[in-house]
Amino acid sequence: MTKRYFITTPIYYANWAPHIWHAYTSLLSDIIARSKRLLWYKVKFSTWVDENWQKMIQKAQEVGKDVIEFLDDIYHQHISAWEKLNISYTDYIRTTEPRHHELVKKVIKICESKGDIYKGKYEGLYCVGCEGFKKPEDLTPEWLCPDHLKKPEVISEENYFFKLSKYQEFLENLYKSNPSFVYPDFRFNEIKAFVERWLDDFSVSRKWQDFRIQFPLDDSHVVYIWFDALFNYLTVCQWWDEEFWPADLHVMAKDIVRFHSIYWPAMLESSGYPVPKKVLAHWYFTVDGQKMSKSLGNVIEPVEIVEKYGRDAVVFYLFYDIVVWNDWDFNWERFKSSYNSMLLGWWWNLVSRVVSLSQKNWITEWKFDNDIWMKWFVENIKWYTIENENIYSYFVKFIQSIANEFDTKILDELDINSYFKAWYNLVQLSNKFMQDSQPWTKLKDESTKEEWIKDLQFLLYMIRQIGILSAPFLVDWFEKLKNILWNEDLKKINTWKDWWLTEWELKNIFEQKEFRVDLNPWYLYTKVE
Ligand code: MSP
């Protein structure tokens, strides 16, 4: 049976091109999606833009455009950013699309038929930045919204309300029955504490008339943006792909986790749909210690960095350095050094040295013979040990433990950062082996010929395996590696598309000790960056 996996990013507000932290969320989702494909899941991965925002009208006016023209423009910028970052999404949604309007109107009617929607008056605080209602205890001591550092507006208007209070028990039971519903745990505890206090009903309409979704029970109202936006996840599963619902993972930052883990399951329960399996909330990050904003002039556009350094440099920095649930700051110096010294200096330099030494010395076509090779190792490099273990068995054990943990580390615990650290350790280990065994010195002496051939074979084996383990994140460089190590098995790995290798084939690719590499002859004439 096909294993299915549905992962989503938030739909981002369509007020500007994506910035680096939107890219972070999309890249995190991309790594998970690609990893799942590597493990034979059929992956549905949705993203794009939240367009029904009150602020859009204001934004469009600022640049002298009609709202729809403005939205078209922004969404093209999103497409081009995700293309440059090579985000492997399969589904996309703009909330101005008729299919979405249709679904939202349908579910509002269902909720009403359950007695969950009523007319009332809203009086209180509203943050336009969050498009959310605030309680005094949600604000900073200066009465500002903690995410937008702005004073919420005091509003009073007639609204339709959703009976969230009715779902308190439902939510408490949901949290008990799914103890990893929100990740990480400390965030989940905050959510549980919030729900335990008391849940207020929330407004699902604004008395307004504009391009937004018309409220189906009263045409003098439009649908409140969060009620509309959250249903995007279901819209992409309508009419086709229904079997993907409920979503396996919603990825986002902590700023919108309440909407996803409290409002959203209640809305789904009211409209008769099953709830998602997991919500992942990473931290809300800064740049050089400050919140990123146009007015501070510190907005980092991922497209510019990708054009200069390549997509994988951004991925490596963001996920090697940043622990998903800790406070973090984008630091340019650190970014450049991780690219130059770690990625180019250690990983790619290793590939380049091993490949060019092998080519220069005519190891362009060869085959491992595991038995002979192992025997050779056991007899000849007993002296080469790491933590009292022979390098080969140490390396194989290491590879296997990462490969085994792949599912748990990346996909259950979502601990991408530890996985990256383990991966980079392998790179270091291989460099150390190269440094210690010195094949280039042995090359000069006919009596050590067998040894340098084995050294280089082993190093080629290492870079091949390390390459495979990097396939879901160092996507562009893995493509390059595939072109260099002209190996039939490697060519089959494609984390962008659903991957139709058999389990046996994949196991073989991960574990194969006997394989053939034909170094690409053209590679002799092209330089490794
Ligand atoms: N449109 C809503 C989401 C609706 S989903 C049904 C929205 N949009 S947003 O453009 O503000 O995007 C918020 C998301 O962008 C965050 O949850 C996070 O994924 C990403 N980030 C935006 N700024 C960020 C940081 N400074 N740090 C980390 N992630 C951030 O909210």
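Residue numbers for the sequence shown follow our numbering, beginning at 11 and rising by one. Where a beta carbon is used, it is the ideal one built from N, C-alpha and C, also for glycine.
- Put simply, of 177, 214, 90, 129 the residue whose alpha carbon is nearest the alpha carbon of residue 143 is 214.
- Using a Cβ-Cβ distance cut-off of 8 Å, the region 469-486 and the region 28-45 are in contact, since at least three pairs of beta carbons, one from each stretch, lie closer than that value.
- With 16 or more other CB atoms across the displayed protein chains lying within 10 angstroms of its CB, residue 475 is buried.
- A distance criterion of 7 Å places the beta-carbon of residue 295 in contact range of the ligand MSP, judged by its closest non-hydrogen atom.
- DSSP, read as helix, strand or coil, puts residue 124 in coil.
- In this structure, residue 427 has its beta carbon at no less than 7 Å from each heavy atom of the ligand MSP.
- Going by beta carbons, residue 315 and residue 427 fall outside the 8 Å limit.
- For the pair residue 171 and residue 237, the CB atoms are not nearer than the 8 Å cut-off.
- At a threshold of 7 Å, residue 250 does not count as near the ligand MSP, since its beta carbon sits no closer than that to any of the ligand's heavy atoms.
- Rounded to the nearest whole angstrom, the CA to CA distance from residue 55 to residue 442 is 39 Å.
- A direct Cα-to-Cα measurement between residue 424 and residue 133 gives close to 40 Å.
- When C-alpha distances from residue 67 are compared across 217, 222, 186, 32, the shortest belongs to 222.
- Ranked by Cα distance from residue 145, the first of 210, 287, 129, 119 is 210.
- Distances taken from the Cβ of residue 62 to the heavy atoms of the ligand MSP include none shorter than 7 Å.
- In the structure shown, the three-state DSSP call for residue 160 is coil.
- According to the DSSP secondary-structure assignment, residue 339 is paired through a beta bridge with 296.
- Taken atom to atom, the span from the alpha-carbon of residue 245 to that of residue 110 is near 6 Å.
- Around the CB of residue 462, 16 or more other CB atoms lie within 10 Å, so the residue is classed as buried.
- Boundaries of the alpha helix (DSSP H) around residue 31: 30-48.
- Rounded to whole angstroms, residue 495 and residue 529 show a C-alpha spacing of 5 Å.
- One thing to note: residue 260 has its Cβ no nearer than 8 Å to the Cβ of residue 12.
- Residue 122 is positioned such that its CB atom lies closer than 8 Å to that of residue 227.
- Residues of the same chain with a CB within less than 8 Å of the CB of residue 127, apart from the 5 flanking positions on each side, are 118, 121, 170, 171, 172, 173, 214, 227 in chain order.
- Residue 258 is positioned such that its CB atom lies closer than 8 Å to that of residue 287.
- Taking every protein chain shown into account, the CB of residue 276 has 16 or more other CB atoms within 10 angstroms, so this residue is buried.
- Apart from sequence neighbours up to five positions away, the residues of its chain that approach residue 96 with a beta-carbon distance below 6 Å are 321, 485, ordered along the chain.
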